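Residue numbers (the numbering used here): 294 to 437. All C-beta atoms, glycine included, are put in the ideal place defined by N, C-alpha and C. Here the structure is a predicted model, which means the values were calculated and not measured. Here is the structure we will look at.
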């Protein structure tokens with residue numbers, strides 16, 4: 294169960310807490326006859342609830358394992374990194390993906406506003422942004 298929680302959360306402390314909470318709720322409710330499948334589903338559901346309740350900033354930090362102090366100390370991103378990001382957006386993304394990135398990060402629009410403006414679903418907006426982040430991550434790691 295802990296391994297399953299770790300795969301979803303990538304956070305040792307949160308995974309341990311969630312597994313502990315599942316067992317605690319079983320003990321307090323008096324349930325004694327539960328299957329392994331029930332326990333795994335309970336852990337998975339608690340992990341999903343935990344992720345849903347994280348702020349966007351916390352999710353990004355967790356996804357990219359960013360240490361805010363480290364970034365602040367290095368004056369990141371520097372001018373070369375910004376130029377590399379702009380170049381990758383202009384040259385390595387499809388027109389639709391580039392438009393979504395511009396609306397999100399330049400215009401500051403929400404997923405819903407972007408979807409409405411482009412006539413696509415919010416899921417499509419998410420997929421375009423995810424693809425853009427993957428491309429940018431690859432470009433930055435090649436030049437890092």
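Of the listed residues the options, nearest to residue i (C-alpha basis)
i           : options            : result
residue 408 : 399, 418, 400, 401 : 418
residue 381 : 331, 435, 429      : 429
residue 431 : 372, 385, 296, 324 : 385
residue 347 : 334, 372, 302      : 302
residue 399 : 334, 415, 379      : 379
Local Cβ density within 10 Å of residue i, reported as buried at 16 or more and exposed below that
i           : result
residue 339 : buried
residue 421 : buried
residue 320 : exposed
residue 300 : exposed
residue 315 : buried
residue 394 : buried
residue 296 : exposed
residue 313 : exposed
Under 9 angstroms between C-beta atoms of residue i and residue j
i           : j           : result
residue 278 : residue 298 : Any question about residue 278 goes unanswered here, given that the chain covers just 294 to 437.
residue 294 : residue 336 : yes
residue 436 : residue 377 : yes
residue 374 : residue 433 : yes
residue 402 : residue 415 : no
Inset, instruction - Spell out a yes or no on whether the stretch 422–429 and the stretch 386–396 are touching, meaning 3 or more CB-CB pairs, one atom from each, closer than 8 angstroms. - result: yes
Legend entry - Cβ contact (3+ pairs, closer than 8 angstroms) linking the stretch 305–318 and the stretch 333–347: yes
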